[in-house]
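Comments concern the structure below.
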Amino acid sequence: MIAIGCDHGGLEIKNAIIEDLKQKGIEYKDLGTYTSDSVDYPVYAKAVCAEIVNGNAEKGILCCGTGIGMSIAANKIKGIRAAVLSDEFSAEMTRRHNDANVLCLGGRVIDCEKAVKLAEIFLNTEYEGGRHARRVAMLEEN
Ligand code: RB5
Numbered sequence: 008m009i010a011i012g013c014d015h016g017g018l019e020i021k022n023a024i025i026e027d028l029k030q031k032g033i034e035y036k037d038l039g040t041y042t043s044d045s046v047d048y049p050v051y052a053k054a055v056c057a058e059i060v061n062g063n064a065e066k067g068i069l070c071c072g073t074g075i076g077m078s079i080a081a082n083k084i085k086g087i088r089a090a091v092l093s094d095e096f097s098a099e100m101t102r103r104h105n106d107a108n109v110l111c112l113g114g115r116v117i118d119c120e121k122a123v124k125l126a127e128i129f130l131n132t133e134y135e136g137g138r139h140a141r142r143v144a145m146l147e148e149n
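In our numbering, the protein residues as written are 8 to 149.
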């Protein structure tokens, strides 16, 4: 299951990603926000990440205006490796090398088509492990 959330700045791209997940028959849980009313992004970052930490979701997607606030909030949570990005290469590499489990996107940075494409790459790319496993393990230290 994929946990997905946004604030008002990320609502449009979140809805586009959800439409794509629906079409592909990928199970997801939408943790809000559901309207364009102004809300606080840490609330949604925490809700999505909780689904991952408690084992309900394999991965998460968080959308705000830039993706940055969501990524800062998400990366404070132990066990979360969140990547904010806007290009296909980074979407692939953060899965292959960082084993990122949360994708953060900015609705004021990328359009819906790009958001759908980046989510697709993120969800379909496997972690390589190997030499990267030691480095990823180091992220969990202290
Ligand atoms: C909300 O205006 C905006 O600050 C938020 O969506 C996000 O971009 C924060 O990083």
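Beta carbons are placed, not taken as given, at the ideal position from N, Cα and C, and that holds for glycine.
| task | Could you name the residues whose beta carbon sits closer than 5 Å to any heavy atom belonging to the ligand RB5, keeping them in chain order? | result | Result: Asp14, Gly16, Cys71, Gly72, Thr73, Ile75, Gly76.
| message | Which same chain residues end up closer than 6 Å to Asp87 when comparing Cβ atoms and leaving out the 5 residues on each side of it in sequence? | response | With the sequence shown as reference, residue 87 is identified as Ile, and Asp is not the correct amino acid for it. Cys56, Ala81, Val109, listed in sequence order.
| Roughly how many angstroms separate the alpha carbons of Gly62 and Val116, rounded to a whole number? | About 30 Å.
| query | If you draw a straight line from the alpha carbon of Pro49 to that of Met77, how long is it in whole angstroms? | reply | It is roughly 7 Å from the alpha-carbon of Pro49 to the alpha-carbon of Met77.
| field | For Gly76, the first and last residue of its enclosing beta strand (DSSP E) | value | Unbroken run through Gly76 is the alpha helix (DSSP H), 75-82; no beta strand (DSSP E).
| message | Applying the 10 Å Cβ sphere with the 16-neighbour rule, what's the burial state of Lys66? | response | The C-beta of Lys66 has 16 or more other C-beta atoms within 10 Å across all chains shown, which makes the residue buried.
| Within the stretch 20-95, ranges of the beta strand (DSSP E) (whole runs, at least 3 residues) | Annotation note: the stretch 20-95 contains the following uninterrupted beta strand (DSSP E) runs of length 3 or greater, listed N- to C-terminal: 35-37, 66-71, 89-91.
| task | Locate the beta strand (DSSP E) running through Ala10, then write down its first and last residues. | result | Start and end: 9-13.
| Alpha carbon to alpha carbon, how far is Leu18 from Tyr51? | Taking the straight line joining both Cα atoms gives about 12 Å.
| field | Chain-order list of residues whose beta-carbon lies under 6 Å from that of Leu125 (same chain, five-residue window excluded) | value | Same-chain partners within the cutoff: Ala98.
| Counted within 10 angstroms of its Cβ, other Cβ atoms place Glu58 as buried (16 or more) or exposed | A residue is called buried when at least 16 other Cβ atoms come within 10 angstroms of its Cβ; Glu58 meets this threshold and is buried.
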